[in-house]
Structure formats: structure tokens, C-alpha cells
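The next block holds one structure in the form of C-alpha cells; read it before the comments.
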Amino acid sequence: MGEDLERFFVNVKPARILVKLNNQFSENYPSKISGEVDATYSHTVRIIHRLEEYGLVESHKDGRKKRLELTDEGTEVARRCSELLTELEKQEEN
Numbered sequence: 036m037g038e039d040l041e042r043f044f045v046n047v048k049p050a051r052i053l054v055k056l057n058n059q060f061s062e063n064y065p066s067k068i069s070g071e072v073d074a075t076y077s078h079t080v081r082i083i084h085r086l087e088e089y090g091l092v093e094s095h096k097d098g099r100k101k102r103l104e105l106t107d108e109g110t111e112v113a114r115r116c117s118e119l120l121t122e123l124e125k126q127e128e129n
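Just so we're aligned, residue 36 is where the sequence shown starts under the numbering used here, counting upward by one.
Now the structure itself:
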């Protein structure tokens, strides 16, 4: 029930990407994030592009890599997504 409930409330991949980007101690590059959220690289890049369009994420070139950072609004959305995902995981355990 938990996984269905989670998918009912949120599109899981974008929410998980935002939560991962909120971890300031992690290297936030599309290739690394795609492995951490179990998504293909191309799907991750498409989601990140949409998040940039919504003003939640900014990207910066770091040599050959593209480093990602949340905007202030993105940080707030990521915090709320994290809370929601945590609560839905608790529901799944019950």
C-alpha cells in the first residue's frame, strides 16, 4: 500500500531528486544522482531541466561536469518533499 500511496501523492523521481540535491555534503551531479534515485541518466537530466524551468534548481559548469544547486525555493520544496516521503514510508510500515 505504501508505494501506491506514495505514487498517488507525488511523482517519486522528481521528489527524490530534490531530496538528494538538498544534501549539501554530496556531489550533486546528474550522473551521480541518477544512480542514487534509480533512474536513467537521460530521465534524470529531463527532470533536472524541468526543475530548472520551475526555478527550483540552478546548474553551474564545474570543469566537464554540471554541478547542481537548489534555489531557496527549491530548498523549501525539497524539505517538504522529504517530510512527505518520510511520512509515507511510516504509513507503509504500518
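Yeah, the Cβ is synthetic: ideal placement off N, Cα and C, and Gly gets one too.
In this text, all values refer to a predicted model and were calculated from it rather than measured experimentally.
| Check | Outcome |
| --- | --- |
| Same chain, Cβ closer than 7 angstroms to valine 112, five either side skipped, listed in chain order | Leu53, Leu91 |
| For valine 54, the first and last residue of its enclosing beta strand (DSSP E) | First-last for valine 54: 47-56, but that is the alpha helix (DSSP H), not the beta strand (DSSP E). |
| Integer-rounded CB distance, given that lysine 101 should sit under 8 angstroms from proline 65 | 6 angstroms |
| Beta-carbon spacing of leucine 56, leucine 119 below 8 angstroms | no |
| Rounded separation between asparagine 58 and isoleucine 68 - CA only | 11 angstroms |
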